[in-house]
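Participant: This note's numbering puts the sequence shown at residues 1455 to 1602.
Glycine included, every Cβ here is placed at the ideal spot set by N, Cα and C.
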Amino acid sequence: MTLSRPAPLADHHELAEFSSGVAELDEWLRRRARANQAGGASRTFVVCVRNRVIAYYALASGAVRQPEAPGRFRRNRPDPIPVAVLGRLAIDQSHQGRGIGRALVRDAGLRLLNAAEILGIRGLLVHAISDDARAFYEAASCPRHPIP
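Quick look at the structure:
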């Protein structure tokens, strides 16, 4: 079974069987990802086996008010500080534990480095859905700086 490289979500991608074990992430993929993409609210990148989605992440733009940002991060920055947001990341249960999540965080980081050459992105804000997700992101080199 060959996994695709992460690619933008498209109409031919099959979402119905995706099951990460977190209902909120599964439902968002099935019900909101395409609409958000069409409306420009976020961009979803998927990894597939054939056309069946087995992993995804979603990026959006955002901003953090300077007083809410960690000390080093807010120094000499505008208010608000423009950031990219990693709002969703999930792996189908049949493919968990294989390093795909870490690879997706890396892919998102590389895409954002390219975007930062064109846009004013000063950081990455990660929405961790649970304590387990927070631990995963911290292990994947996303430092913890909670924003109120």
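#1: Starting from residue 1541, trace the beta strand (DSSP E) in both directions and tell me its first and last residue.
#2: Would you mind working out which of 1511, 1468, 1588, 1576 sits nearest residue 1531, comparing C-alpha positions?
#3: Going by DSSP in three states, residue 1590 sits in which element: helix, strand or coil?
#4: At what residues does the beta strand (DSSP E) containing residue 1479 begin and finish?
#5: Alpha carbon to alpha carbon, how far is residue 1488 from residue 1542?
#6: Nearest by alpha-carbon distance to residue 1480: which of 1552, 1511, 1497, 1561 is it?
#7: Assuming residue 1466 and residue 1505 are in contact, meaning their beta carbons sit under 8 Å apart, how far apart are those beta carbons, in whole angstroms?
#8: Kindly indicate the opening and closing residues of the beta strand (DSSP E) around residue 1513.
#9: Taking only the alpha-carbon atoms, compute the straight-line gap between residue 1586 and residue 1529 and give it to the nearest angstrom.
Facilitator: Taking the coordinates as given:
#1: 1535-1545
#2: 1576
#3: helix
#4: No beta strand (DSSP E) holds residue 1479; the alpha helix (DSSP H) holding it covers 1477-1485.
#5: 14 Å
#6: 1511
#7: 5 Å
#8: 1506-1518
#9: Each residue's Cα considered, the two are about 30 Å apart.
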